[in-house]
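*Asks:* The structure that follows is given in the form of structure tokens.
Numbering (the numbering used here), first residue to last: 74 to 215.
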């Protein structure tokens, strides 16, 4: 009985080693991710628009927050990659008026392109995105 246990243990160890070897070499073979393209003021950012409800600063009232998910992008210096390997992929859109919020409502869940005027890395604890776009305008039409 001890002999069979030893044989089975050796077989299981051999199989585990054979399965682990290709996985380890595949992880080493992947090239390091490249940083995204630089995004400057006036450039267009395209991606899917998402809306989230978060508690606002005014009496804990729920407010809509909009986020564009895009390819990784680098921000202008000194922000750069926002302490990320490839740069931010999620960009929070700050609405300065009800008109801007209404403009975005029709694009929720759809592709959108926005012209970026001001962008920075997210630094506040309540921000759900990796970068924040404070001044922007919609380029795509329905």
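For each residue, glycine too, the CB sits at the ideal point set by N, CA and C.
Computed from a predicted structure; not experimentally measured.
#1: Is the beta carbon of residue 140 sitting closer than 8 angstroms to the one on residue 163?
#2: For residue 205 versus residue 165, is the C-beta spacing smaller than 8 angstroms?
#3: Residue 207 by DSSP, collapsed to three states: which one?
#4: Whole angstroms is fine: what's the gap from residue 138's alpha carbon to residue 81's?
#5: The beta strand (DSSP E) with residue 135 in it runs from where to where?
#6: Quick one: measure Cβ to Cβ for residue 191 and residue 114, integer angstroms, because I've assumed they're closer than 8 angstroms.
#7: Residues in the same chain with beta-carbon distance under 7 angstroms from residue 153, minus the five sequence neighbours each way, listed in chain order, please.
#8: Quick check: residue 120 and residue 185, are their CB atoms within less than 8 angstroms of each other?
#9: Residue 166 lies in the beta strand (DSSP E); which residues open and close that run?
#10: Quick one: what's got a C-beta closer than 6 angstroms to residue 111's C-beta in the same chain, skipping five residues either side?
#11: Tell me which residue opens and which closes the alpha helix (DSSP H) that residue 157 is part of.
*Replies:* According to the structure shown:
#1: yes
#2: yes
#3: strand
#4: 57 angstroms
#5: 135–142
#6: 7 angstroms
#7: 147
#8: yes
#9: 163–166
#10: 147
#11: No alpha helix (DSSP H) holds residue 157; DSSP gives it neither H nor E.
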